[in-house]
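So the structure is just underneath, and the comments pick up after that.
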Amino acid sequence: MGKTLIFGHKNPDTDSITSSIVMANLETKLGNNVEACRLGVINKETEYVLNYFGVQAPTLVESIEDGRNVILVDHGNPLESVDNLDKLNILKVVDHHPVKITVAYPLYYRAEPVGCTQTILYKMYKEYNVEVDKKIAGLMLSAIISDTLLLKSPTTTEEDKKAVEELSKISGLDPQVYGLEMLKAGTDLSSFTIDEILHLDAKKIDFKEVKSMVAQVNTASIPDVMKMQKELETGMKEIIEKENLDLFMLLITDIINSNSQVIAMGKDAGLVEKAYKVKLENNTALLEGVVSRKKQVVPIMTENA
Ligand code: MN
Ligand code: MN
């Protein structure tokens, strides 16, 4: 039995990547034989973080042999994990999303309704009395800033705020200054194709019967991204056809002002109008104050579907 593999979700974000590294650090300190992995390419924001702290990216895995011991971080949903998850031996899950998994054996499952997996991991370090060094603190801080958009997303809890305060002391980083630089690094779309942009942070979600894809891109300037509206729409149409979707929502999220411009395509695009009481003009509308897919899209869209 090889090392236990630790990984976050497909289309990994900063939380998934850094949580696998941090969880591997914690497990190693607890005497367990583990390796941090990832299920996809590193995004620009995460690249900035790893470079900043001089940390290597986790090993990319394409597939994992049946029966292997694994630890999941930042996800528990089989749809967002490796394809043969049901054939793997899940030892632990540490996550902050709805619980979507059932297995026939006992496992350590730690889910808390906080803004970021790293907020939970930070608490676990304390519980196990393991020291959080400067680098680990920086990685944790980065992920919390990323997931909560600098503590402005409605997913933010008091625990996230407290963690950021303590982690900024340990890491010596000013979360406002460092955080904005990090978030901005993640908004550089110049090297991506349209299809890549649409898949950077895309989740397949069914709003009741409405088969949907909700993609999100962060930006410091909505008009800059909207210059590509035509091309984005063409790409969205292709994905709708290929994946047989009823709806594709692209959220272009302004990280400075905490709003999202939505582009909605597909036969059920009207659901966006109904849910947010907006009128789509030319397939698009501004959703004021909307930044969180988990809290401000999934529940509202499901309720109105
Ligand atoms: Mn994530
Ligand atoms: Mn997360």
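Basically this note's numbering = 1-based index in the sequence shown + 2.
Note that CB positions come from ideal geometry on N, CA and C, so glycine has one too.
Where Thr286 is concerned, the enclosing beta strand (DSSP E) starts and stops at Thr286 to Leu289.
In this structure, ligand 2 has no non-hydrogen atom nearer than 8 Å to the beta-carbon of His201. Looking at the DSSP output, Thr221 bridges to Asp256. Remark: the C-beta of Ser83 is outside contact range of ligand 1, defined as less than 8 Å to any heavy atom. With distances taken between CA atoms, Ser144 lies nearest to Ser173 out of Tyr130, Ala106, Ser262 and Ser173. Here Met230 carries a coil assignment [DSSP, helix/strand/coil]. Taking the Cα of Arg112 as reference, the smallest distance to any Cα among Val105, Asp15, Val95 and Met126 is reached at Val95. According to the DSSP assignment, Arg70 belongs to no beta strand (DSSP E), since it is labelled neither H nor E. In this structure, DSSP gives Tyr110 an extended state, which the three-state scheme calls strand. Excluding five sequence positions before and after Val212, the CB atoms of its chain that fall closer than 7 Å to its own CB belong to Asp248, Leu249, Asp270, Leu273 and Ala307, given in chain order. Taking the C-beta atoms as reference points, Leu141 is found nearer than 9 Å to Thr20.
The beta carbon of Ile8 is closer than 6 Å to those of Ser22, Met25, Ala26, Val36, Ala38 and Ile73 in its chain, skipping five residues each way along the sequence.
In the structure shown, Ser214 falls within a strand segment according to DSSP collapsed to helix, strand and coil. Of the heavy atoms belonging to ligand 1, none sits nearer than 8 Å to the Cβ of Ser155. Residue pairing by DSSP places Ala271 opposite no residue, since no beta bridge is assigned to it.
Under the 10 Å beta carbon count, Thr61 is surrounded by fewer than 16 other beta carbons and is classified as exposed.
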